[in-house]
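Before any comments, here is the structure.
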Amino acid sequence: GQQLNQSPQSMFIQEGEDVSMNCTSSSIFNTWLWYKQDPGEGPVLLIALYKAGELTSNGRLTAQFGITRKDSFLNISASIPSDVGIYFCAGRVGGGNKLTFGTGTQLKVEL
Amino acid sequence: DAGVTQSPTHLIKTRGQQVTLRCSPKSGHDTVSWYQQALGQGPQFIFQYYEEEERQRGNFPDRFSGHQFPNYSSELNVNALLLGDSALYLCASSLLRYEQYFGPGTRLTVT
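Chains as they are written, first to last, in the working numbering: chain A, 131 to 241; chain B, 487 to 597.
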């Protein structure tokens, strides 16, 4: 099935650094979501974006809905050890529940 | 307030067998969706249930079927298991047209 392209695939960062990751699609979405998944757990919703150009923050996390509606970006400021995990973007078209997920970005923090 | 719960946690089946996975939605939610997450990939949408009917379906064969009960809980059934069906199966619940909350998943291994 279709998966959105996320980059980078994985990254090592120093504690305290800022992190940026992005997600691109060949098709348009009306909603962009960012989830974090820890080992043995289901994805947890971090940020939801509903309008092209929208910039939304949740604590140290900031995400943007791309103007073309084909991409989205997530930034994490001042990373801490608990930020370790896999970050997934997901897009939705219309009002149904079907989410199309990205390939994931694995974040590893060096102490 | 209990979140989304799934059972069993882990399951091992043999090729050709049938399996049933169960999901109880978060309190107050009326919509359940199922996703398949292969190792190292993002979740793939299987289908969504609302008012005891399948409302949306992803690109999965008819071997995958489901049911929603009057108390909103749901089952996912997979017949004629293949090795490629080995994956983490995630249940997500929501109020219709609101964001989804995921359970911890059921890890299915087909040998």
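Just so it is clear, CB atoms sit at the ideal spot from N, CA and C, and this is done for glycine as well.
Under a three-way DSSP split, which group does residue i fall into?
| i | result |
| --- | --- |
| G570 of chain B | helix |
| D213 of chain A | helix |
| E171 of chain A | coil |
| L176 of chain A | strand |
| S559 of chain B | coil |
| D201 of chain A | strand |
Between the alpha carbons of residue i and residue j, how many angstroms are there, rounded?
| i | j | result |
| --- | --- | --- |
| K512 of chain B | T491 of chain B | 8 Å |
| V596 of chain B | R508 of chain B | 18 Å |
| G552 of chain B | I532 of chain B | 10 Å |
| W164 of chain A | T230 of chain A | 11 Å |
| T186 of chain A | L497 of chain B | 39 Å |
| Q534 of chain B | R541 of chain B | 6 Å |
| G234 of chain A | L134 of chain A | 9 Å |
| E147 of chain A | S207 of chain A | 7 Å |
| I216 of chain A | Q236 of chain A | 4 Å |
| G232 of chain A | L204 of chain A | 13 Å |
Does residue i pass the burial test, meaning 16 or more other C-beta atoms within 10 Å, or should it be called exposed?
| i | result |
| --- | --- |
| R222 of chain A | buried |
| Y180 of chain A | exposed |
| K238 of chain A | exposed |
| Y584 of chain B | exposed |
| L525 of chain B | exposed |
| D571 of chain B | buried |
| I197 of chain A | exposed |
What does residue i touch in chain A if you count any residue whose Cβ is under 8 Å from its own?
| i | result |
| --- | --- |
| E538 of chain B | By Cβ distance, chain A contributes nothing, its closest Cβ being about 15 Å from E538 of chain B, past 8 Å. |
| R549 of chain B | Going along chain A, no residue has its Cβ under 8 Å from R549 of chain B, so there is no contact; the nearest lies around 15 Å. |
Against residue i, what residues of chain B qualify as contacts under a CB-to-CB distance less than 7 Å, listed in chain order?
| i | result |
| --- | --- |
| E171 of chain A | P590 |
Could you work out which residue in the options is closest to residue i when comparing CA atoms only?
| i | options | result |
| --- | --- | --- |
| N563 of chain B | B:V505, B:S510, B:D516 | B:V505 |
What does residue i reach in chain A if we use C-beta pairs closer than 9 Å?
| i | result |
| --- | --- |
| T517 of chain B | N227 |
Please tell me whether, using a cut-off of 7 Å, the distance from the CB of residue i to the nearest non-hydrogen atom of the ligand COA is below it.
| i | result |
| --- | --- |
| C509 of chain B | For the ligand COA, the structure offers nothing, since it holds no ligand at all. |
Name the chain B residues that come within less than 9 Å of residue i, Cβ to Cβ?
| i | result |
| --- | --- |
| T233 of chain A | G526, Q527, G528 |
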